[in-house]
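Have a look at the structure below before the remarks.
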Amino acid sequence: MPALLCEFSAPVKLEYKWSDQQLTFLMRHARNDFSRWDAAQSLLATYIKLNVARHQQGQPLSLPVHVADAFRAVLLDEKIDPALAAEILTLPSVNEMAELFDIIDPIAIAEVREALTRTLATELADELLAIYNANYQSEYRVEHEDIAKRTLRNACLRFLAFGETHLADVLVSKQYHEANNMTDALAALSAAVAAQLPCRDALMQEYDDKWHQDGLVMDKWFILQATSPAANVLETVRGLLQHRSFTMSNPNRIRSLIGAFAGSNPAAFHAEDGSGYQFLVEMLTDLNSRNPQVASRLIEPLIRLKRYDAKRQEKMARGAGTVERAGKSLWRSVREDHQSTGLILLSQNA
1 MPALLCEFSA
11 PVKLEYKWSD
21 QQLTFLMRHA
31 RNDFSRWDAA
41 QSLLATYIKL
51 NVARHQQGQP
61 LSLPVHVADA
71 FRAVLLDEKI
81 DPALAAEILT
91 LPSVNEMAEL
101 FDIIDPIAIA
111 EVREALTRTL
121 ATELADELLA
131 IYNANYQSEY
141 RVEHEDIAKR
151 TLRNACLRFL
161 AFGETHLADV
171 LVSKQYHEAN
181 NMTDALAALS
191 AAVAAQLPCR
201 DALMQEYDDK
211 WHQDGLVMDK
221 WFILQATSPA
231 ANVLETVRGL
241 LQHRSFTMSN
251 PNRIRSLIGA
261 FAGSNPAAFH
271 AEDGSGYQFL
281 VEMLTDLNSR
291 NPQVASRLIE
301 PLIRLKRYDA
311 KRQEKMARGA
321 GTVERAGKSL
331 WRSVREDHQS
341 TGLILLSQNA
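This is the structure:
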């Protein structure tokens, strides 16, 4: 069985009709690390596309046992580099999954991603917990082996957070409070937010109280707030505009809150009622007089509409038109930033 594109140094998009049996074999036995990772991505892509279609038809998630077994084999492989195992176990983001579709349904993709995470967390619960505990480190070191083990441990925690709620809450809270490095603390915080665990609000408040005077450290906190799957995330983001650590005069704060919401929380930004678009339009209009260069970078999620349904396209185009009318200097910056990319500005066709 061939393991393709093993030593390529540049990205290649290859269309090849692998069977599930071939992909699970490569995940277990390929000698090339990229081939093992790529086989996992290809296997996931099959069931992401299948389940988004099922979701749109009101059908439940379908994930064959052999898919979970393939990931179980990675967890149980004693010879695999922990860093590689962590990469294989990390599901693609919603934005990465969106690249599989001609027409993007961000809400369906986000819900399928969460369902896949919960299913794998349930199927692999024992193995995930065993690997998580086996990679505990009492001392913080920056050697490759130690970094790899931390990465794998945190990848396991991310899944465990979507498992049995009480255990997840205890594990995540314990890791946060015992963390001797920012990587582990943020991994626990991220897991709590992603899985909407009961401990999340208390942990987020603790982090805020401890670090609110350090802007760069708080950027991580703002990103987690902005990318939360909570139904009221937009309300939260609006409220954080008044937070003691946030200011519209600092580009990093703007990118970590407003930029993260628009660019990295597609399910909320592309809400069917258009509230996400309206929020970004308001922020861009405000930024036009402060820093049109920063605003021109934030507008991109609004002006890439071609792969969304007609209703979303209409709302996005209307929002882009509002921004253009509100700020000519901003729109000049947008044109300059995207002149070389071939991006068609929506207002030209609105």
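Here our numbering is used: the first residue of the sequence shown is 1, the next is one more, and so on. Just so it is clear, CB atoms sit at the ideal spot from N, CA and C, and this is done for glycine as well. Everything numeric in this text was worked out from a predicted model, so none of it was measured.
Item to complete: Note down, in chain order, each residue of its chain lying with its Cβ closer than 7 Å to the Cβ of S275, except the 5 sequence neighbours on either side.
Response: Taking the sequence shown and counting its residues from 1, one reaches residue 275 at position 275. Answer for S275: L234, listed in chain order.
Worksheet item: Between N60 and the rest of its own chain, which residues show a CB-CB distance below 8 Å, the 5 nearest in sequence each way excluded?
Response: Translated into positions along the sequence shown, residue 60 becomes position 60. The sequence given here has Pro at residue 60, not Asn. If the five residues before and after P60 are omitted, its C-beta is found closer than 8 Å to the C-beta atoms of R54, all from its own chain and listed in chain order.
Discussion item. Would L167 and E127 be called neighbours here (beta carbons separated by less than 9 Å)?
Written reply: Along the sequence shown, read from residue 1 onward, the residue named residue 167 stands at position 167. Along the sequence shown, read from residue 1 onward, the residue named residue 127 stands at position 127. The answer is no: Cβ separation not under 9 Å.
Worksheet item: What is the DSSP secondary structure of K79, reduced to helix, strand or coil?
Response: One-based indexing of the sequence shown puts residue 79 at position 79. Coil, per DSSP.
Worksheet item: What are the start and end residues of the alpha helix (DSSP H) that includes V172?
Response: Here residue 172 is taken as the residue at index 172 of the sequence shown, counted from 1. Taken as a continuous stretch (DSSP letters only), the alpha helix (DSSP H) holding V172 covers T165 to E178.
Discussion item. What I want to know is whether the C-beta of F34 ends up closer than 8 Å to one or more non-hydrogen atoms of the ligand FMN.
Written reply: Looking for the ligand FMN in the displayed structure turns up nothing, as the structure carries no ligands at all.
Worksheet entry | As assigned by DSSP and simplified to three states, the class of C199 | Position 199 of the sequence shown, counted from the first residue, corresponds to residue 199. Of the three classes helix, strand and coil, the one that applies to C199 here is coil, per DSSP.
Discussion item. Can you give me the C-alpha to C-alpha distance between D102 and P64, rounded to a whole angstrom?
Written reply: One-based indexing of the sequence shown puts residue 102 at position 102. One-based indexing of the sequence shown puts residue 64 at position 64. One alpha carbon belongs to D102, the other to P64, and they sit about 25 Å apart.
Worksheet item: How long is the line joining the alpha carbons of W37 and E143, rounded to whole angstroms?
Response: The sequence position of residue 37 within the sequence shown is 37, counting from 1. The sequence position of residue 143 within the sequence shown is 143, counting from 1. Spanning the alpha carbons of W37 and E143 requires a straight line of approximately 23 Å.
Item to complete: Under 6 Å Cβ to Cβ from S173, same chain only, skipping five residues before and after it: list those, please.
Response: For the purposes of this step, residue 173 is taken as the residue at position 173 of the sequence shown. Non-local beta-carbon contacts of S173 in its own chain, meaning distances under 6 Å to residues more than five positions away in sequence, involve C199 in chain order.
Fill in: Residues of its chain near Y277, where Cβ-Cβ distance is below 7 Å and the 5 sequence neighbours each way are ignored
Along the sequence shown, one-based indexing puts residue 277 at 277. Non-local C-beta neighbours of Y277 in its own chain, meaning closer than 7 Å and more than five positions away in sequence, comprise L302, K315, M316 and G319, ordered along the chain.
Worksheet item: Cβ atoms of T183 and P82: under 9 Å apart, would you say?
Response: As a working mapping, residue 82 is identified with position 82 in the sequence shown. As a working mapping, residue 183 is identified with position 183 in the sequence shown. Contact: no.
Worksheet item: With 16 as the cutoff for other CB atoms within 10 Å, does L124 come out buried or exposed?
Response: Translated into positions along the sequence shown, residue 124 becomes position 124. With a 10 Å radius around the Cβ and a threshold of 16 neighbouring Cβ atoms, L124 comes out buried.
Worksheet item: Rounded to whole angstroms, how far is the Cβ of S249 from the Cβ of R290, which I believe are closer than 8 Å?
Response: Working through the sequence shown from its first residue, we reach residue 249 at position 249. Working through the sequence shown from its first residue, we reach residue 290 at position 290. Taking a contact as a CB-CB distance under 8 Å, the pair S249 and R290 counts as one, their CB atoms being some 7 Å apart.
Discussion item. For the pair the segment 84–93 and the segment 28–46, tell me if three or more CB-CB distances fall below 8 Å.
Written reply: Taking 8 Å as the limit for Cβ pairs, the verdict is that the segment 28–46 does touch the segment 84–93.
Item to complete: Identify, in the order they occur along the chain, each residue of the same chain with its Cβ nearer than 8 Å to the Cβ of Y132, setting aside the five sequence neighbours on each side.
Response: Numbered from its first residue, the sequence shown carries residue 132 at position 132. Around Y132: R153, C156, L157, L160 and L171.
Worksheet item: So L100 and K49 are in contact, right, with Cβ under 8 Å, and what is the actual spacing, rounded?
Response: Position 100 of the sequence shown holds residue 100. Position 49 of the sequence shown holds residue 49. Here L100 really is in contact with K49; their C-beta atoms are around 6 Å apart, less than 8 Å.
Item to complete: Could you pull the start and end residues of the alpha helix (DSSP H) that K17 belongs to?
Response: Taking the first residue of the sequence shown as 1, we reach residue 17 at position 17. Here K17 belongs to no alpha helix (DSSP H), and DSSP marks it neither H nor E.
Worksheet item: How is the alpha helix (DSSP H) around D146 delimited, first residue to last?
Response: Sequence index remark: in the sequence shown, residue 146 carries index 146 (1-based). Residue range H144 to L160 is occupied by the alpha helix (DSSP H) that includes D146.
Fill in: Collapsed DSSP secondary structure at F269 in the structure displayed
Working through the sequence shown from its first residue, we reach residue 269 at position 269. If DSSP states are grouped into helix, strand and coil, F269 belongs with the helices.
Worksheet item: Distance, Cα to Cα, N181 vs A194?
Response: By 1-based counting over the sequence shown, the position of residue 181 is 181. By 1-based counting over the sequence shown, the position of residue 194 is 194. Cα to Cα, the separation comes out at about 20 Å.
Worksheet item: Which whole-angstrom value describes the C-beta separation of R307 and I80, a residue pair presumed to lie in contact below a C-beta threshold of 8 Å?
Response: For this step, residue 307 is matched to residue 307 along the sequence shown. For this step, residue 80 is matched to residue 80 along the sequence shown. That belief does not hold up - the Cβ atoms of R307 and I80 are roughly 36 Å apart, past 8 Å.
Worksheet item: Using the C-alpha atoms, what's the distance from N288 back to I344?
Response: In the sequence shown, the residue the question calls residue 344 occupies position 344. In the sequence shown, the residue the question calls residue 288 occupies position 288. Residue confidence is low: I344 scores 46 on pLDDT, short of 50, so the model does not pin down where it sits. Its coordinate-derived value is still stated next. Going by the C-alpha atoms only, they are around 21 Å apart.
Fill in: Enclosing alpha helix (DSSP H) for T247 [first to last residue]
Position 247 of the sequence shown, counting from 1, holds the residue named residue 247. In the DSSP assignment, T247 falls outside any alpha helix (DSSP H), carrying neither H nor E.
Discussion item. Please list the terminal residues of the continuous alpha helix (DSSP H) segment that includes Q313.
Written reply: Translated into the one-based positions of the sequence shown, residue 313 becomes position 313. Membership of Q313 in the alpha helix (DSSP H) is indicated by the continuous run A310 to A326.
Practice prompt. Ignore the nearest five residues each way along the sequence and tell me which others in V74's own chain have a CB closer than 6 Å to its CB.
Written response: Sequence index remark: in the sequence shown, residue 74 carries index 74 (1-based). So the list reads A85 and I88, once near-sequence residues are dropped.
Discussion item. Once DSSP output is grouped into helix, strand and coil, what is the label at E111?
Written reply: Reading the sequence shown from its first residue, position 111 is the one you call residue 111. In the structure shown, E111 adopts helical secondary structure according to DSSP, grouped into three states.
Discussion item. According to DSSP, is L345 part of a helix, a strand, or is it coil?
Written reply: Here the question's residue 345 lines up with position 345 in the sequence shown. Any reading at L345 is ruled out, since the residue's pLDDT is 49, under 50, leaving its predicted position unreliable.
Worksheet entry | chain B within 9 Å of R253, Cβ atoms only | No chain B is present in this structure, which holds just one protein chain.
Worksheet entry | Three-state secondary structure assigned by DSSP to F101 | Against the sequence shown, residue 101 aligns to sequence position 101. In the three-state scheme derived from DSSP, where H, G and I count as helix and E and B as strand, F101 is classed as coil.
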